[in-house]
Amino acid sequence: MARNAQTIVDEPVAVAPPTGGDGDLDLTPQDDRQWYVIHTYSGYENKVKTNLEHRVESMGVQDKIFQVVIPTEEEIEIKDGQRRTVQKKVFPGYVLVQMSMSDDSWYVVRNTPGVTGFV
């Protein structure tokens, strides 16, 4: 007796996006903020972060530059028989900046003391 076998094929299914009350959907982003990686002098990451935050306020570009982050992780270090928890930089020599790219925001970041450039 022969069995009937069914083959199931995984295929993407097109799904229509939900629509508003009138059928139109605005897919334009509210802003164009993205994360950028900034190269700095090694060991100057905290100073660059502080300088950049002060420049953002003094030059009035809070609407273009939103966040400045130095990624760190906790690490347990044993020194002289003592266990200590220390913060280690995940990417030494780099700072992450969330901003909307424009000539003004690029100028503020690029001309911050300690910044060597965008990656």
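Residue numbers (my numbering): 2 to 120.
Heads up, the beta-carbon is just placed ideally off N, CA and C, and yes, glycines get one too.
These figures come from a predicted structure and were not determined experimentally.
Do residue j and residue i count as a contact pair if the criterion is CB distance below 8 Å?
i    : j   : result
G119 : Y37 : It should be noted that the sequence gives Phe, not Gly, for residue 119. Against a cut-off of 8 Å, the Cβ pair of Y37 and F119 comes out as a contact.
T41  : V96 : yes
T73  : V91 : yes
Quick one, which of the options has its alpha-carbon nearest residue i's?
i    : options               : result
I66  : E75, R56, E74 and P72 : R56
N112 : S43, R34, R85 and L53 : L53
S43  : D64, G61, I71 and M60 : I71
R34  : G115, V109 and M100   : M100
Tell me the rounded alpha-carbon separation between residue i and residue j.
i    : j    : result
G82  : W107 : 47 Å
D104 : E78  : 43 Å
G115 : K80  : 31 Å
L26  : Q68  : Caution applies to L26, whose pLDDT of 42 falls short of 50 and renders its modelled position unreliable; the model cannot decide the point.
For residue i, collect the residues of the same chain with a Cβ closer than 6 Å to its Cβ; drop the 5 residues on either side in sequence, then sort them by chain order.
i   : result
R85 : E78
M60 : V109
E76 : V87 and K89
Leaving out the 5 sequence neighbours to the left and right, which residues in its chain are closer than 8 Å to residue i when beta-carbon positions are compared?
i    : result
M102 : D33, Q35 and Y37
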